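Protein chains in written order, with our numbering: chain A, 1 to 522; chain B, 1001 to 1363. Even glycine gets a Cβ: it sits at the ideal position worked out from N, Cα and C. Treat the numbers as computed from the prediction; the structure is a model and nothing was measured.
What follows is the structure, given as structure tokens:
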């Protein structure tokens, strides 16, 4: 491939970002914690047992998320459908709901009869992560020329054979990439596991938090965190290898297809099911936001927007409106930073022989627990000589760090599958390298960057763990406000928390729909 | 060579705009912070590291800032445990000047890590007698205390025609089978407090007690909110009328009710088997504002802040003779016989206690 000169240096930006905001904080933390005796903790059977449990749980969660997510990815990214963009945005909502909220919503929906344990945790993980499958696989699916499958069918292949022999091989890397990420999220899950899990669903992430903030056993925590990082790294390495074997395929995002006949019914049915699955828990939140023990009420909503704002004059909750503004600002910065850093990283992956190793490096944050990242960042950038807390940037930086691997995961398989011959053709026709490169990759790049940026915004809107360490006490984000409200008794606390959660759902849906709008236009 | 630089420039300028917009909401604080570095004699900034349950009235803080010339910057350290973990890791080169909210289950570990700069508050002799000797040789100052207690849904018990339980032993009585929900002590602060309460009460026999609770159908929730809003009959759609919560939950229920506050809460506190939590404040060793930090400690123990604490944090003031709000007087019992374990005992044994609890409960 004739890569333009600047592309060879594009890796510098993501590399500096990862070193500055991941490796430096990790090093500051490890320097304080790890001693020769830390090795003794490796012999402790507990973290290994937990790793085994978490693996079984995460594999099941991933399988379920794929089963639910793949039909949705197909229906929502390839076919013309009334309100498609909104359904697609809505399907992203579960991914960004604070886990506290999802747990309570599941509780309200399924009742306490289902109890806690393996089944409800796996259901919740599949619910949260189907957006990952839809986004990552959908981004690739929309760049596969539908005419190829049509051609296969014209040649006599039935629908399933055509899918299996034509479409599936092209989707392979994207599916592997999505599966790896869902596995990693389920393997490192914290909130869902704490709230809905039992002894069969423990994760290393939960163990790290317990060792850090209840036992203050930093050495044990370091070992647990290291095991988690190794497992996550191996899974991501596996996914990266799947990506290597891909043949180049489509060159651009294809127009949406008008489904006909039975297919049309199927597409509509899948979309309906998607809406139902997403909305059922959300509906229970809406219900809680307009109900009190004495019936219907508007009190919780007027506490958000009206004059009777909750806890007026106290620093406890802060203004809900200010929290919304803050969350949106953080989300936009996160989306921008993650799309630029992750986009450059994805391009570097294509341009370099060492690209795959580099892609893996940018995926590192996925394996680092929020407690580790939060404490490390605090040690590196939360005190003299370099105190970045007052700038308010630590939260979006941490969020971007968490989102960059997602951006790379969305962008790389699709970019890799982009036909590099277009670049050659453009170059042959006299275009300078940059121009030729842009002709080949520009349209795809734009589509994926926008989709990935939207996902990154969404991550930021719902993130809780890192923000709880890094936000200013008087500057909470929406998920922090919800958690603070849920941390105390009283009907108003719960009602306003439910209303805030509904606002978060609306914010996410609108943001993602707006971002997607640009994506298709490319 | 054109497109990408243009895109990048555009992206950067958008970022700059967003940053400016974002900065504007914290202008006053960061401006003050800069000033204090520039001019030593100018306004000083004290960073107060707190957990995410900290709250005071805005006007109380404003009054202090005005009279002292100190700008108070609140820094969140996550929940109480995470905050202490961060403080220990940063010991000697702290991320703030003053820390508030280290409780008696964690204070020993913080003391061992030499997190605190010794200081005795100006009004230390005004502390309640029970708390006066709880300063660990003048290294920390008790600011408030509260009790983790069993809460009862009175309405449920009245409707069911059953007398509510009154002692820890009652909870293991088959009459109250399948009615209790507690939090996992490995993930929840009140859950740990309740475990410590049973250890304090039953000594070696605490595992037998939990076995009895298990046989009696106790339910384990992951967090306070999951138990209170998910499982407790009062909080939401739950089916358990007995929950581990706080002695101040009934007044909080009234304060945070909808519209007109009800005459009386529909929940009450079982005063047996409560566990006492004390919250301390201290100066972080290595602060570059030691003198201003001392003023902040004095202020936290001042009558103004102490009187402001109950309705903001739903705990009791550590200072003697502070008038309590009416809802506290009426509905929050002051527990005289609360269980308590020495902080150093907890530091040494909490790991084993949790492991043993896990094996008894099969978790």
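Item checked: Min CB distance residue 1106(B) to chain A below 9 Å -> yes
Next item on the list: Entirely within the stretch 1142 to 1219 of chain B and at least 3 residues each: give me those beta strand (DSSP E) ranges in chain order.
Entry: 1180 to 1183
Next item on the list: Indicate the three-state DSSP secondary structure (helix, strand or coil) for residue 1317(B) in the structure shown.
Entry: strand
Check: Looking at C-beta atoms only, is the number of pairs between the stretch 18 to 28 of chain A and the stretch 213 to 220 of chain A that lie closer than 8 Å three or more?
Finding: no
Note to self: Which of the three DSSP states is assigned to residue 1234(B) in this structure?
What the structure shows: Judged by DSSP in its simplified three-state form, residue 1234(B) adopts coil rather than helix or strand.
Margin query: Could you give the first and the last residue of the continuous alpha helix (DSSP H) run that contains residue 153(A)?
Written below: 146 to 154
Check: Name the chain B residues that come within less than 9 Å of residue 100(A), Cβ to Cβ?
Finding: 1223, 1225 and 1226
Margin query: Check for me: the alpha helix (DSSP H) holding residue 1281(B) runs from which residue to which?
Written below: Unbroken run through residue 1281(B) is the beta strand (DSSP E), 1267 to 1284; no alpha helix (DSSP H).
Check: Got a sec: is the Cβ-Cβ distance from residue 40(A) to anything in chain B below 9 Å?
Finding: no
Next item on the list: Indicate whether residue 271(A) and residue 72(A) have their beta-carbon atoms separated by less than 9 Å.
Entry: yes
Note to self: Looking at chain C, is there any beta carbon in it that lies within less than 9 Å of the beta carbon of residue 1175(B)?
What the structure shows: Protein chains in the displayed structure are A and B, and chain C is not among them.
Checklist line | Cβ-Cβ distance between residue 1134(B) and residue 1280(B) below 9 Å | finding: yes
Checklist line | CB contact flag (residue 1242(B), residue 1153(B), <9 Å) | finding: Cβ atoms of residue 1242(B) and residue 1153(B): closer than 9 Å.
Notebook entry, point to check: Taking only beta-carbon atoms, is residue 1071(B) less than 9 Å away from chain A?
Noted result: no
Next item on the list: Would you mind sorting residue 42(A) into buried or exposed? The rule is 16 or more other CB atoms within 10 Å of its CB.
Entry: Classification of residue 42(A): exposed, given that the 10 Å Cβ count is below 16.
Next item on the list: Give a yes or no on whether the minimum CB-CB distance between residue 193(A) and chain B is below 9 Å.
Entry: Yes, because at least one Cβ of chain B sits closer than 9 Å to the Cβ of residue 193(A).
Checklist line | N-terminal and C-terminal residue of the alpha helix (DSSP H) that residue 441(A) is part of | finding: 433 to 462
Item checked: Min CB distance residue 1056(B) to chain A below 9 Å -> yes
Item checked: Straight-line gap, residue 1217(B) to residue 1165(B) (C-alpha atoms, nearest Å) -> 15 Å
Next item on the list: Give a yes or no on whether the C-beta atoms belonging to residue 1317(B) and residue 1251(B) are separated by under 9 Å.
Entry: In this structure, residue 1251(B) does not lie closer than 9 Å to residue 1317(B) by Cβ.
Note to self: At the 9 Å Cβ level, is residue 1273(B) part of the contact set with chain A, yes or no?
What the structure shows: Chain A, which has no Cβ nearer than 9 Å to the Cβ of residue 1273(B), makes this no.
Check: Any beta-carbon of chain A closer than 9 Å to the one on residue 1322(B)?
Finding: By this cut-off, residue 1322(B) is not an interface position.
Next item on the list: Classify residue 284(A) as buried or exposed, calling it buried when 16 or more other Cβ atoms lie within 10 Å of its own Cβ.
Entry: buried
Note to self: Mapping the DSSP letters down to three states, classify residue 591(A) as helix, strand or coil.
What the structure shows: Only positions 1 to 522 of chain A appear in this structure, which leaves residue 591(A) out of reach.
Notebook entry, point to check: Distance, Cα to Cα, residue 15(A) vs residue 375(A)?
Noted result: 21 Å
Item checked: CB contact below 9 Å: residue 1256(B) versus chain A -> yes
Note to self: So, for residue 21(A): in the same chain, excluding its five sequence neighbours on each side, which residues have a beta-carbon less than 6 Å away from its beta-carbon?
What the structure shows: 397 and 401
Margin query: Can you confirm whether residue 507(A), when its beta carbon is compared against all beta carbons of chain B, has any partner nearer than 9 Å?
Written below: no
Margin query: Based on DSSP bridge pairs, tell me the residues matched to residue 1427(B).
Written below: Residue 1427(B) is absent from the model: chain B starts at 1001 and stops at 1363.
Next item on the list: May I ask you to report which of helix, strand or coil DSSP gives residue 317(A)?
Entry: In the structure shown, residue 317(A) sits in coil (DSSP, three-state: anything other than H, G, I, E or B).
Notebook entry, point to check: Using a C-beta to C-beta distance shorter than 9 Å, which residues of chain A count as neighbours of residue 1304(B)?
Noted result: Neighbours of residue 1304(B) on chain A: none; closest Cβ ~14 Å, over 9 Å.
Next item on the list: Could you tell me whether the stretch 1066 to 1077 of chain B touches the stretch 490 to 503 of chain A, where touching means 3 or more Cβ pairs closer than 8 Å?
Entry: no
Notebook entry, point to check: Does residue 1088(B) have its Cβ less than 9 Å from a Cβ in chain A?
Noted result: yes
Check: Three-state secondary structure (DSSP) at residue 1335(B)?
Finding: coil
Note to self: Using C-beta distances below 6 Å, list every residue in its chain close to residue 466(A), excluding the 5 sequence neighbours before and after it, in chain order.
What the structure shows: 370, 373, 374 and 398
Note to self: Output needed in chain order: residues of the stretch 1338 to 1353 of chain B with a Cβ under 7 Å from some Cβ in chain A.
What the structure shows: 1350 and 1351
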